[in-house]
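Mapping of the sequence shown onto full-length UniProt numbering: position 273 corresponds to residue 273, and the numbering continues sequentially without gaps.
Just so it is clear, CB atoms sit at the ideal spot from N, CA and C, and this is done for glycine as well.
Here is the structure we will look at, set down as structure tokens.
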Amino acid sequence: GRAPQRLRKELKWACPLSSVIRKEFEKNLQKILKTIENKLQKWYKRSVNNFYLNLCKGVVKMKAVILSGPNDFAPGEIEKPLIGDHDILLEMKRAAICGTDIRILEGTKTKGVRYPSVIGHEICGVISEIGKEVTGYEVGEKVAIANVIPCGSCPSCLSGRENACMRRKAIGYEFNGGFEEYIRIPEIAIKSGNVIKLPEQVSFTAGALIEPLACCIRGLKNAGTGFNDVVLIVGAGPIGLMHMQLAKIAGAKQVIVSEPNPMRRQIALELGADKAVDPVTEDLAGIISDVTGGLGADVIVMAIGVPALVNSTLKLCRRGGTVNLFAGFAGTGECTIEVNTIHYNEINVNGSTAYKREDYLQAADMVISGKINLDRIATHTYKIEDFQTAYEMCKSGKGLKIIIEP
Ligand SMILES: [Zn+2]
Ligand SMILES: [Zn+2]
């Protein structure tokens, strides 16, 4: 109100504007001031609204499995996460327990683990809220989450190994993970393309298992499995069963699974394994030799993290063949190896960690097009509040993939 009057006085004194120009200027000034006032009012109202809204939201509690320290975890209640303008809030529908989760929970893996936190990195759900700056997604959409977010600029990322990123961030580690009712998907994950839409026909369980399948696809590529290969998969847990199916799809002539658990051998055969061998009662080396005319397997994937098995497994590999140490091994993985087996037989030994986003997209594509059976690999589903039972079932080895639902 007063500012224009004062301005008018000052302008009169400062410059000899003609009265016409002066009136025009004042009219515009009034308009500009009115616009600024409106904008300020709107901003103020929105801020106050958001403040109270967030205050109310903060009071909302949800179920979660709270990891307080090594071997110290329990289901309980935490505050439902608030999202920023660039985030998505995901309503968890299914989250699978991974072997890595078990090692974190029991305390044998502590590197990169936050306390307290919520872990779980095999996640599928429905979008519940969208930050107002997020585009391309809608509330109610079914999505799976690629949990690993590479930095894009470290030496690993720059040399095409984003799966081994040195500054990676991950949901289930740096950000709270899947064993909770609502998960905040941070801006960085959305911008890196880690939120993948799924069609109706894909089950939430299969959606959650895209993540471990992506890891297996990375392992398959590292192992170099191809046309007419004889492949040995050591261990027919969920990961071994994925590797078995992938090897068939990649063109392997014969896929042999070694697994002492009869239920797992049965499912391996159901899902297409050519042979399922009990290494305790049967002569695995003899069987591999028979199948390959004494040459040994072209490719071996270790899908069980028992260091003591590595040496005997190397001896089952053909000259010039590949042994992929896919599983995470217990402790530091220390064991005794006759390295001359590797030397004289020119065996390629390699590892595999996580996945590239391209592997995740391929995994999602395989699941969407029904090329791989992941639902058969999930044997038990538990509620968040029954997490202890789920954990014990997982450790017992009586089931395969154990799934958590809200
Ligand atoms: Zn995992
Ligand atoms: Zn990086």
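Just to confirm the assignment, what range does the beta strand (DSSP E) spanning residue i have?
i	result
D290	First-last for D290: L284 to V291, but that is the alpha helix (DSSP H), not the beta strand (DSSP E).
Q254	Q254 to S258
Y182	Y182 to I185
C124	E122 to I130
F73	D72 to E79
residue 416	There is no way to answer for residue 416, as the model of the chain reaches only from 1 to 406.
C157	Counting along the chain, C157 falls outside any beta strand (DSSP E), though it belongs to the alpha helix (DSSP H) covering P155 to L158.
G351	N348 to G351
H380	A378 to K383
I88	I88 to A96
T281	No beta strand (DSSP E) contains T281, which DSSP labels as neither H nor E.
I372	Unbroken run through I372: none, as it is neither H nor E.
L232	V230 to V234
E405	K401 to E405
K197	V195 to K197
K111	It is not in any beta strand (DSSP E) - K111 carries neither H nor E in the DSSP assignment.
T322	C317 to L325
I145	K142 to I145
V139	Counting along the chain, V139 falls outside any beta strand (DSSP E), and DSSP gives it neither H nor E.
D298	A297 to M302
Is it buried or exposed, residue i, if we count other Cβ atoms within 10 angstroms and call 16 or more buried?
i	result
H343	exposed
N228	exposed
Y173	buried
V339	exposed
K248	buried
I300	buried
M242	buried
I21	exposed
L220	buried
L232	buried
N194	buried
P155	exposed
residue 414	Since the first and last residues shown for the chain are 1 and 406, residue 414 lies out of range.
R114	exposed
E35	First, the amino acid is wrong: residue 35 is Thr here, not Glu. The residue is exposed, with fewer than 16 neighbouring Cβ atoms inside 10 Å.
R218	buried
R167	exposed
P212	buried
Y44	exposed
L105	buried
D298	buried
Based on Cα-Cα distance, which residue from the options lies nearest to residue i?
i	options	result
K371	D298, E385, I210 and P70	I210
I196	A364, P406 and I183	A364
P150	R376, K395, R357 and V143	R357
K315	T379, L400, V349 and E129	V349
G152	A164, G99 and A144	A164
H86	V113, Y391 and I185	I185
T389	S68, L33 and F73	F73
K93	T110, V143 and S68	V143
T260	K253, G240 and V59	It should be noted that the sequence gives Pro, not Thr, for residue 260. The shortest C-alpha separation from P260 is found at G240.
residue 432	D101, G294, G320 and E24	The first residue shown for the chain is 1 and the last is 406, placing residue 432 beyond what the model contains.
I188	N147, C157 and N373	N147
L90	C124, V234 and R264	C124
residue 437	T332, G235 and C317	Any property of residue 437 remains undetermined from this structure, which presents the chain solely from 1 to 406.
T225	V126, A308, M244 and E129	M244
C157	L284, Y355, K42 and V118	Y355
K109	G99, V118 and A170	G99
R265	A252, E282 and A250	E282
P309	I288, G293 and C335	First, the residue type needs correcting, since residue 309 is Leu and not Pro in the sequence shown. Checking every option, the nearest Cα to that of L309 belongs to C335.
T332	K42, R103 and V59	R103
I78	E181, A206 and K42	E181
residue 412	D359, E133, G296 and A303	Residue 412 is absent from the model: the chain starts at 1 and stops at 406.
I83	A378, E129 and A303	E129
S369	I97, E37, Q201 and P116	Q201
C394	T379, K275 and E385	T379
I127	K111, K23, I183 and K80	I183
What span of residues does the alpha helix (DSSP H) with residue i cover, start to end?
i	result
F387	F387 to S396
Y344	V339 to N345
K221	I210 to A223
V367	R357 to I368
M263	P262 to E270
M166	First-last for M166: undefined, no H or E at that position.
N311	V310 to L314
D101	G99 to E106
L246	P238 to I249
Residues surrounding ligand 2 [beta-carbon distance to nearest heavy atom under 7 Å]: Any residue whose Cβ sits closer than 7 Å to a heavy atom of ligand 2 makes the list: P150, C151, G152, S153, C154, S156, C157, E162, C165, M166, R167 and R168.
Across the segment 63-70 and the segment 173-184, are there enough close Cβ pairs to call them in contact, namely three or more that are closer than 8 Å? Here the segment 63-70 lies against the segment 173-184, with 3 or more beta-carbon pairs under 8 Å apart.
Kindly provide the chain-ordered list of residues whose Cβ lies closer than 5 Å to any non-hydrogen atom of ligand 4. For the structure depicted, ligand 4 is absent and the ligand set comprises only ligand 1 and ligand 2.
Are the segment 133-146 and the segment 323-333 touching by the rule of at least three beta carbon pairs closer than 8 Å? A contact is defined here as three or more CB-CB pairs under 8 Å, and the segment 133-146 fails this definition with respect to the segment 323-333.
Can you confirm whether the segment 371-382 touches the segment 264-281 when touching is taken to mean that 3 or more C-beta pairs between the two stretches lie within less than 8 Å? Touching, yes.
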